[in-house]
Structure formats: C-alpha cells, structure tokens
Amino acid sequence: MFYFDIFSQICKYLNNKDKIGLSAISHATDCFKYRLIYTNRIFEPRIRGLPFYDNFECVNINCTCAKIPKNTKKMHMACFRECDRNPELLSLNNLTHLVLYKTSTLSSRRCAGQENICYVYQNILIPKSVTHLKIGGHFDQPINIPNSVTHLIFGGHFNQSIEKVLPNFITHLTFGEYFNRSIKNIIPNSVTHLTFGYSFNASIKNCIPDSVTHLTLRYGFDNFGTRLPASITCLKLENYSNIKHKTLFVKDLDNFTEDYHHILKKYIPGSMNEIIIVSKE
C-alpha cells in the first residue's frame, strides 16, 4: 500500500517530469500525480490541457495567455508585442514572485496599436501577494506597484519617473543600466540594499536614506554632493573593464594615486567596512 504522504516526501527531491514518471509506476500511485505540486519552471503551453494544470507553481507565460494555473507562486510574463487582453492576475492569491518582460521593438508586430506600450502592462493590477517584482527586457513605461513588494528590480531599459511609485516597505531596490532620473525625496527609508546602473549620474546628495547598508554604483561615479550616510558598510563599484575583483578598505585609499580614489575618500564614511570593485559582465 502506497501512502501519499510518504510518496510526496520522496517527490520533493524530483523534478516535474520525474514526479509524473514515478507516479505512473502503478495504478495505486497514478492518482498521486493529481495531488502533487510541481515546482520547476515550465512554459504554460506545455501543460495546457493537463487535468492537474493548477498544480504547477512556477510558469512562463506570454501576456496574451488566457489562463494561468491557480496555484502559481512564481511567474515570468513576456510581452511579444501581440497583446490584446489583460490576464486576471488578481485571482492569483498565491503569487509571490513576478517578472514582467518585454521584447525588443525589432520583433514588434503590434501591441495595443502603440510602438512602445504594452496594453497588458499598461493596465495590469499586480496582486498584493507579490513580494518580489522584476521589470525586464525593453520594459519602459509607467507601472503601479503594490506595497507588498519588498524586492524590486528595474530592467536595463527602464527610465521612467519613479515619483510616488516605490512601495513603502521595499528593502532591496535595483535600477537598470539606462535609469538616470532624479531620486530626490524618493527612496523609502526601508531600503537597505540599493543599486544603480551604469548610466546613472543624477545627484545623490541627501538622497540616500540612513537605512541603506549596501550601495552599488558605477566605478567613476562622482555626483555625491555630500558624504554618504554612516549606515553604509559596503560600497560596490561596477566597472566595464577586465579589472579583477578587488576589495579595498578605507585606509587603502591613501595608497592609490588615481584621482577617483581621492574623490571616494572625501565622500565615504569612516564607518564603511569595505569597498568592492568588480567587473560588470
């Protein structure tokens, strides 16, 4: 006699395909596949029509998809510039991780009759259960973000105003390569990890809250305006070169002749533990 609780514990170590294969070994276990939860990422069209469709937690869909598994927790939605409807995302009460991705305009055929606007993303209502949100690809349009989001990543092409956009309880905030907007009075006091992309050159004078402990900027950024908050313990500088990973301490800056190191010494707090210089891949 096979018991489902034992069987399901074994299946925790298997991928989606192997779970289904194992359940097919006998008539007694065949019914278990209707109760198992499938956690590996899969393209929605591949499971469309399955009687246990709603058991998949991690799916890739396009923005014209008419149906989404009810128990989805992690979802990657892509816009291929063919959208004409808005999926009812609010019905996904278990959704915690969401990626909204848009393809290049070069592959565009139509998208709400507008060249750079996705109809779905323009009208999307992100569920309040979402805690991790990533906006990727060529996504560059306004968006409403629920206060439930704590981890937010803006993709490389995003360069919209973020005034009154950021959630109040966000802790990890990353801007993409093209973002270069004012952040004055915008970054919430809840943010602890803050990352800016290579194009960012707006002033950060009195713009970094005291809650931030980890800050990432491009190597060569010099628009500080004032000393960084003493709360920052780690500063990461990303360089588009073949420079090897290097960790410096504040006292090490005295040993360098490069002008930029003297600029850093002027603006970084003495409480900072380390400065990490890495190659941006």
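Just so you know, my numbering puts 1506 at position 66 of the sequence shown, and the rest follows in order with no gaps. Cβ atoms here follow ideal geometry from the backbone N, Cα and C, with glycine treated the same way. Note that the structure is a prediction, hence the values are computed from the model and not measured.
Beta-carbon spacing of residue i, residue j below 7 Å
| i | j | result |
| --- | --- | --- |
| cysteine 1451 | leucine 1476 | yes |
| asparagine 1599 | tyrosine 1618 | yes |
| valine 1631 | isoleucine 1644 | no |
| tyrosine 1541 | glycine 1576 | yes |
| tyrosine 1478 | asparagine 1511 | no |
| asparagine 1625 | proline 1649 | no |
Residue i, DSSP secondary structure in three states
| i | result |
| --- | --- |
| glutamate 1714 | strand |
| threonine 1469 | helix |
| tyrosine 1707 | helix |
| asparagine 1456 | helix |
| asparagine 1679 | strand |
| glycine 1461 | helix |
| serine 1601 | coil |
| aspartate 1699 | helix |
| tyrosine 1474 | helix |
| serine 1622 | coil |
With 16 other Cβ atoms within 10 Å as the buried cut-off, status of residue i
| i | result |
| --- | --- |
| lysine 1706 | exposed |
| asparagine 1495 | buried |
| serine 1463 | buried |
| tyrosine 1453 | exposed |
| tyrosine 1443 | exposed |
| tyrosine 1561 | buried |
| glycine 1637 | buried |
| leucine 1675 | buried |
Bridge partner(s) assigned by DSSP for residue i
| i | result |
| --- | --- |
| histidine 1516 | Asn1500, Val1539 |
| histidine 1654 | His1633, Cys1674 |
| threonine 1687 | Ile1716 |
| isoleucine 1482 | Val1499 |
| glycine 1576 | Tyr1541 |
| leucine 1613 | Leu1592, Leu1634 |
C-alpha distance - residue i paired with residue j, whole-angstrom precision
| i | j | result |
| --- | --- | --- |
| threonine 1590 | tyrosine 1700 | 33 Å |
| serine 1531 | phenylalanine 1615 | 29 Å |
| histidine 1572 | leucine 1538 | 6 Å |
| glutamate 1722 | leucine 1657 | This structure leaves residue 1722 out entirely; the chain is present only between 1441 and 1721. |
| asparagine 1400 | cysteine 1558 | Nothing can be reported for residue 1400, as the shown portion of the chain is limited to 1441 through 1721. |
| lysine 1513 | serine 1671 | 34 Å |
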